[in-house]
Amino acid sequence: MAYFERLDEATFRPTEHVGGGWDPGEQHVAPALGLLAHAVEVDQLGRRDHELQLARLSYDILGALPVAPIRITVEVLRPGRTIELVQATLSHAGRPAVVLRAWLLRSYDTADRAGGALPTIPGPDDTPPWDPASIWPGGFVRSVEARRYQERPGRAVSWVRPTVPLVHDEQVSATARVLGVIDIANGMTPRTPTTDVAFPNVDLTAHLLATPRGEWTGFDTTVAFGPTGLGLTHTTIHDTSGPIGVLTQALTVRPS
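Using my numbering, count along the sequence shown one by one with no gaps and you end on 1011.
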């Protein structure tokens, strides 16, 4: 069973694997973010003679999602042959719940110039197994295999791979698959016990510099809380070859 089953061109039914960490009766937004990226990629394949690659994805999370059918619409805001800006909106019962704005860029051969100063992390084989269901409820955390080395609460290196596909009986790119798990970064190393404070994210922005390879997605994560209820989760994203991007999540920090 996958996270979603397609009902028609724009409608999807979530399965039990999307149950959320704050409320298992609502959707964990992680699979929905991957589904939006998949919808953007499917849309461009249907109207372009060459494929652009996802470079930046900025998601605004407008509200909670029940575990019920959702609809996705895609709109091209800035068309172009080498650069496009696309907006995808995920709605339930006519109410927008997540909006994605994605920049797509043409691919060029820059292999001989590839590299940078982002630090590497130990691979999944060198990171101890860890069960996120030990602190989080819901179907989504039970659907992933995780490994983690926590330096201290709010600072950790971790690896995650999903054990179910994003969409039933449908080919999904490696990029969309990774985008379907990266929202978990905010819960991989809580600064304080989840029984003492809630810290859901209201957005997620990811910048990518390479197409992901392999089954595992790595996170080099730091979580910070400010003095007035604001928080930030900052993560460098990895595959087993090295860093492939960064993501940030704005948190609303709410003491119990």
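Just so you know, even glycine gets a beta-carbon here, dropped at the ideal spot from N, CA and C.
Quiz item: Do Y758 and L964 have their C-beta atoms closer together than 8 Å?
Solution: Here residue 758 refers to the residue found at position 3 of the sequence shown. Here residue 964 refers to the residue found at position 209 of the sequence shown. Taking 8 Å as the Cβ cut-off, Y758 and L964 do not qualify as a contacting pair.
Quiz item: So, using beta-carbon positions, are R902 and P884 closer together than 8 Å?
Solution: Looking up residue 902 in the sequence shown gives position 147. Looking up residue 884 in the sequence shown gives position 129. Yes. Within cutoff.
Quiz item: Taking the alpha carbon of A931 as the point to measure from, which residue in P877, T995, L812, A765 has its own alpha carbon closest?
Solution: If you number the sequence shown from 1, residue 931 lands on position 176. Minimum Cα distance to A931 is reached at L812.
Self-check item: contact_flag[the stretch 848-868, the stretch 973-984] where n(CB pairs < 8 Å) is 3 or more
Solution: no
Practice problem: Would you give the residue range spanned by the beta strand (DSSP E) that F974 belongs to? | Solution: Here residue 974 refers to the residue found at position 219 when the sequence shown is read from its first residue. Per DSSP, F974 belongs to the beta strand (DSSP E) from 972-980.
Quiz item: Looking at E925 and R761, is the spacing between their C-beta atoms short of 8 Å?
Solution: Within the sequence shown, residue 761 is the residue found at index 6, counting from 1. Within the sequence shown, residue 925 is the residue found at index 170, counting from 1. For R761 and E925, yes; Cβs fall inside 8 Å.
Quiz item: Who are the Cβ neighbours of P998 in its own chain at under 6 Å, not counting the five residues just before and after it?
Solution: Indexing the sequence shown from 1 puts residue 998 at position 243. Answer for P998: L873, T991, listed in chain order.
Quiz item: By DSSP, does G894 sit in helix, in strand, or in coil?
Solution: To locate residue 894, count along the sequence shown from 1; it is residue 139. The answer is helix: DSSP assigns G894 an H, G or I state.
Practice problem: Return the Cβ separation of R916 and E906 in integer angstroms, given the expectation that the two are a contact with Cβ distance under 8 Å. | Solution: Numbered from 1 along the sequence shown, position 161 holds the residue referred to as residue 916. Numbered from 1 along the sequence shown, position 151 holds the residue referred to as residue 906. The pair is not a contact, with the Cβ atoms about 22 Å apart (cut-off 8 Å).
Quiz item: Nearest CA to the CA of A940: which residue from A869, D763, T947, H989?
Solution: Your numbering for residue 940 matches position 185 in the sequence shown. Residue H989 is the option with its Cα nearest to A940.
Self-check item: Under the three-state DSSP convention, the category A901 falls into
Solution: Position 146 of the sequence shown, counting from 1, holds the residue named residue 901. Reduced to three states, the DSSP call for A901 is strand.
Self-check item: 4 or more residues per run - each alpha helix (DSSP H) lying fully within the stretch 915-977
Solution: 929-934
Quiz item: Is A857 closer than 8 Å to V831 when the C-beta atoms are compared?
Solution: Reading the sequence shown from its first residue, position 76 is the one you call residue 831. Reading the sequence shown from its first residue, position 102 is the one you call residue 857. Going by C-beta atoms, V831 is not nearer than 8 Å to A857.
Exercise. Check whether the Cβ atoms of G969 and I876 sit closer than 8 Å, and answer yes or no.
Key: If you number the sequence shown from 1, residue 969 lands on position 214. If you number the sequence shown from 1, residue 876 lands on position 121. No, the Cβ-Cβ distance between G969 and I876 is not below 8 Å.
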